[in-house]
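Accompanying notes for the structure given below.
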DNA sequence: GGCGTCTTGACACCGAGTGTCAATCGAGGC
DNA sequence: GCCTCGATTGACACTCGGTGTCAAGACGCC
């Protein structure tokens, strides 16, 4: 559940404690439910003190959400690696797909990922923290997109929208995947989702960083007095 | 900061306490920062006990987020009221626009809304709760869309995607609006945002509730082995 | 005036999260 | 081998968010 070989021997122990902690947490949380497990319990199971728990994880939710946290930076770096000529829809779909596969695939039991995702999605507190993370990802992705397309990050709406749409797709796929107990194929789901949102992703506005603003307002700005508004 | 006339006289007092509470909370939170204010403090300022605070609001974040909470149901009911022939992009844009205007407009000081939004967006804990609310809105909106388009709510990706895109647009607009200190015109921002996402919103899939599934997969499902994946 | 309902404050309680400090352990330097 | 320095840890105390409980007061009804 970790990653690379820690170079030093001293901090291998650290890695070990961390693993022990998440192992215990995941076990207990999945078994007894989120609220029914105290941090003292998790720490005791892992053989450390409560105080030590907080030296490794910022909160009870963090232990679980951590598992998917790398995916955010994964998507971004993957996007940065895509060729510049690639249309956003393709680059984004690929980035999401690769990161998701990298998370769900790693050697051995891929159903561990499924279990974690299901736990997150059906536990309000965990889902909330997950949304928080996603929100950060969105900002990162938007920045990356802005740079990629040479748009002013704070002037153009497009990067935020595109990042949001990509993550919306990601979220919908995740939900469907977890809801089907992993039966449905993530690859196909991602494809379908991105096929839907692609028309919007590839309609990149012309407002570049140089020119102040494009002329794409065929809009129909209502006249401040909506038809049947009224109440509340 | 409330809405209609409470029919009974007995519960007018209740409304009063609620107002007093949110008033005190908003004042203090905006002044001293979210973490620097305790609930005891808020309650004391409002002249009630801490226990009473929790009889009116579920959490410290709730007092603030409550202000935007009605917007969710507002968007949904507004959407339900739109004519069925209207394409999703138009119906959604309108629903979002009306609800947003209803929130930011109400008689008198509209900058109160601005202040609240800014507080929420720049306070992580508040933003988190706000995202949580939005997540609920998304589910509601998706359900409404599925019904509206006669799609199977759990089979089709489209409703979730469309709802997500609409809220993404909403969020981007909110962010820009608050970032510009209310200078930018929400109506115009919404128009621009929805102009971008409209192509995706109006590409409604053909998979109706009756027919099992449409034939719209021109997709290009990668072959399980992405180009340059490998590490994290 | 008596009675049921609703609201409140006081109190005790739990758990998350943090600051502090002394003890411990491992890695060199001598 | 010993000593010292730094990192890690456990124990303790503390704050604060949030909840359950209960007795007391306010209000409406008969």
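Chains as they are written, first to last, in the numbering used here: chain A, 1 to 232; chain B, 1001 to 1232.
Where a beta carbon is used, it is the ideal one built from N, C-alpha and C, also for glycine.
Residue range of the unbroken alpha helix (DSSP H) whose run includes residue i
i	result
residue 1139 of chain B	1124 to 1149
residue 179 of chain A	158 to 179
residue 188 of chain A	186 to 201
Inter-residue spacing [alpha-carbon to alpha-carbon] between residue i and residue j
i	j	result
residue 1070 of chain B	residue 166 of chain A	27 Å
residue 1060 of chain B	residue 1050 of chain B	11 Å
residue 1018 of chain B	residue 1039 of chain B	14 Å
residue 1073 of chain B	residue 73 of chain A	34 Å
residue 1097 of chain B	residue 1194 of chain B	10 Å
residue 119 of chain A	residue 182 of chain A	13 Å
residue 45 of chain A	residue 125 of chain A	22 Å
residue 1148 of chain B	residue 104 of chain A	35 Å
residue 204 of chain A	residue 37 of chain A	48 Å
residue 13 of chain A	residue 54 of chain A	16 Å
residue 1092 of chain B	residue 117 of chain A	30 Å
residue 1090 of chain B	residue 1084 of chain B	11 Å
residue 48 of chain A	residue 138 of chain A	36 Å
residue 1154 of chain B	residue 111 of chain A	22 Å
residue 1233 of chain B	residue 1099 of chain B	Residue coverage of chain B in this structure runs from 1001 to 1232, which leaves residue 1233 of chain B outside it and unanswerable.
residue 52 of chain A	residue 27 of chain A	19 Å
residue 1101 of chain B	residue 1094 of chain B	10 Å
residue 1210 of chain B	residue 77 of chain A	Here residue 1210 of chain B scores only 44 on pLDDT, less than 50, and its place in the model should not be relied on; the value that follows carries that caveat. Between residue 1210 of chain B and residue 77 of chain A, the C-alpha separation is close to 42 Å.
residue 86 of chain A	residue 161 of chain A	18 Å
residue 115 of chain A	residue 32 of chain A	14 Å
residue 1011 of chain B	residue 1021 of chain B	15 Å
residue 1159 of chain B	residue 134 of chain A	20 Å
residue 1043 of chain B	residue 82 of chain A	54 Å
residue 62 of chain A	residue 136 of chain A	15 Å
residue 1176 of chain B	residue 176 of chain A	31 Å
residue 198 of chain A	residue 1113 of chain B	34 Å
For residue j and residue i, believed in contact at Cβ under 8 Å, the rounded distance
i	j	result
residue 1123 of chain B	residue 1057 of chain B	So it is not a contact: roughly 16 Å between Cβ atoms.
residue 1146 of chain B	residue 1156 of chain B	7 Å
residue 121 of chain A	residue 180 of chain A	Not a contact, Cβ separation roughly 12 Å.
residue 168 of chain A	residue 1200 of chain B	Residue 168 of chain A to residue 1200 of chain B, Cβ: 10 Å. No contact.
residue 1064 of chain B	residue 1016 of chain B	Residue 1064 of chain B to residue 1016 of chain B, Cβ: 19 Å. No contact.
residue 88 of chain A	residue 202 of chain A	6 Å
residue 75 of chain A	residue 141 of chain A	6 Å
residue 1041 of chain B	residue 1080 of chain B	Incorrect: roughly 41 Å between the Cβ atoms, too far for contact.
heavy atom of the ligand SAH below 7 Å from residue i C-beta
i	result
residue 1095 of chain B	Among the components of this structure there are no ligands whatsoever, and the ligand SAH is therefore not found.
Going along the chain, which unbroken runs of the alpha helix (DSSP H) with 4 or more residues stay wholly within the region 25 to 102 of chain A? 39 to 46, 50 to 56 and 60 to 81
For the region 1156 to 1172 of chain B against the region 1187 to 1199 of chain B, are there 3 or more C-beta pairs whose distance is under 8 Å? yes
Is the region 1064 to 1080 of chain B touching the region 1118 to 1132 of chain B in the sense that three or more CB pairs, one from each, lie closer than 8 Å? yes
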